[in-house]
Amino acid sequence: MSTQYSSSEMMTIAASRLLQNGQVCFVGIGQPSAAANLARLTSTPDIVLIYESGTIGTKPDVLPLSIGDGELSETADLVVSVPEMFRYWLQGGHVDIGFLGAAQIDRFANINTTVIGDYNNPKVRLPGAGGAPEISTNCKEILIILKQSSRAFVEQLSFITSPGFMEGGDSREEAGLTNKGPVAVITDLGVLEPDPVSKELVMTHLHEGITVDQARENTGWDLKFADHLQTTALPTDEELKVLRDLNERTAKAHAGAE
Numbered sequence: 351m352s353t354q355y356s357s358s359e360m361m362t363i364a365a366s367r368l369l370q371n372g373q374v375c376f377v378g379i380g381q382p383s384a385a386a387n388l389a390r391l392t393s394t395p396d397i398v399l400i401y402e403s404g405t406i407g408t409k410p411d412v413l414p415l416s417i418g419d420g421e422l423s424e425t426a427d428l429v430v431s432v433p434e435m436f437r438y439w440l441q442g443g444h445v446d447i448g449f450l451g452a453a454q455i456d457r458f459a460n461i462n463t464t465v466i467g468d469y470n471n472p473k474v475r476l477p478g479a480g481g482a483p484e485i486s487t488n489c490k491e492i493l494i495i496l497k498q499s500s501r502a503f504v505e506q507l508s509f510i511t512s513p514g515f516m517e518g519g520d521s522r523e524e525a526g527l528t529n530k531g532p533v534a535v536i537t538d539l540g541v542l543e544p545d546p547v548s549k550e551l552v553m554t555h556l557h558e559g560i561t562v563d564q565a566r567e568n569t570g571w572d573l574k575f576a577d578h579l580q581t582t583a584l585p586t587d588e589e590l591k592v593l594r595d596l597n598e599r600t601a602k603a604h605a606g607a608e
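Going letter by letter, the sequence shown gives residues 351 to 608 in the numbering used here.
Spelled out as structure tokens, the structure:
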């Protein structure tokens, strides 16, 4: 075991471990893509990665800059049109797990990637929805990854881009959403999972060296902790080597890219 790692590496590795061999995974760009491809290169070689641009079974050697990156189509088993990807594969219930990032999240795992502040006069205009609302409502399960801070983990979202558990409890089902929804939120501090009844996010794991007080200080609501709070297993030497090699290849490949 190695103890020399960054909080971002710990977050990516912890997220990669939640994927399973043979799953069909709809991958978002950025941190979800890094975690999903780390999983493919280590613990889940038979995972099927698909991206919004229509690439199925893609095996990129470097992480894509966007869903339109040629690396995705060049290494895919199959490329279909975007309407087919969404209408048949996603809405047809053929995707096991969706992997999303977020700018902000609330206690019920609702996601904001649209605006911060008033919609018509926002403080910050974010990248927007993309395919995330469809992913969050049609994949059988959802994983969410983002760094934990009081600015990102907020009491009240300015805008709900992609629904988690809405207002908690049974509100997701009452809205007609039949998939399981978010099963875990992975951060640089630990892992949160929804309470089975209230659906409020509960911290179930802290990464090595992270304290309960740190997690509380970086959450904009009164964070709850599991009765049997666990410590995330340390990154292995193999996980760190594969992730660092992937990031190094990616940096070299994209050097000077706009």
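The beta-carbon is built from N, C-alpha and C at its ideal position, and this holds for glycine as well.
Checklist entry - In this structure, does DSSP put His483 in helix, strand or coil? => result Before going further, note that residue 483 is Pro rather than His in the sequence given. Here Pro483 sits in helix by DSSP.
Item to check | Span separating the alpha-carbon of His604 from that of Asn470 | outcome: 35 Å
Checklist entry - Any idea what DSSP makes of Ser358, helix, strand or coil? => result helix
Checklist entry - Taking the alpha-carbon positions, what's the Met361 to Ala386 distance? => result 12 Å
Checklist entry - Is the segment 414-421 touching the segment 451-470 in the sense that three or more CB pairs, one from each, lie closer than 8 Å? => result no
Next on the checklist: Report the CB separation of Ser431 from Gly404 in whole angstroms; it is logged as a contact under 8 Å.
Outcome noted: 6 Å
Next on the checklist: According to DSSP, simplified to helix, strand and coil, what is Val429?
Outcome noted: strand
Checklist entry - Do Ser486 and Gly518 have their CB atoms nearer than 9 Å? => result no
Checklist entry - Quick one, are the C-beta atoms of Tyr401 and Phe376 less than 9 Å apart? => result yes
Next on the checklist: Ignoring anything shorter than 4 residues, give me the alpha helix (DSSP H) runs that lie fully in the segment 442-526, in order along the chain.
Outcome noted: 482-488, 521-524
Item to check | Residue environment, Ser352, which counts as buried when at least 16 other CB atoms sit within 10 Å | outcome: The predicted position of Ser352 is uncertain, since its pLDDT is 49 and thus under 50; a value taken from the coordinates is nonetheless stated next. Exposed is the call here.
Next on the checklist: Considering only DSSP beta bridges, list what Gly540 is partnered with.
Outcome noted: Leu556
Checklist entry - Are the CB atoms of Leu476 and Ile466 nearer to each other than 9 Å? => result yes
Checklist entry - So is Ala452 buried or exposed if we call it buried at 16+ other beta carbons inside 10 Å? => result buried
Next on the checklist: When you compare the CB positions of Pro532 and Ile494, do they come within less than 9 Å of one another, or not?
Outcome noted: yes
Next on the checklist: Taking the alpha carbon of Arg501 as the reference point, which residue from Gly570, Gly420, Thr581, Ser358 has its own alpha carbon closest?
Outcome noted: Gly570
Next on the checklist: Once the 5 residues before and after Arg566 are set aside, which same chain residues still bring their CB inside 7 Å of it?
Outcome noted: Leu573
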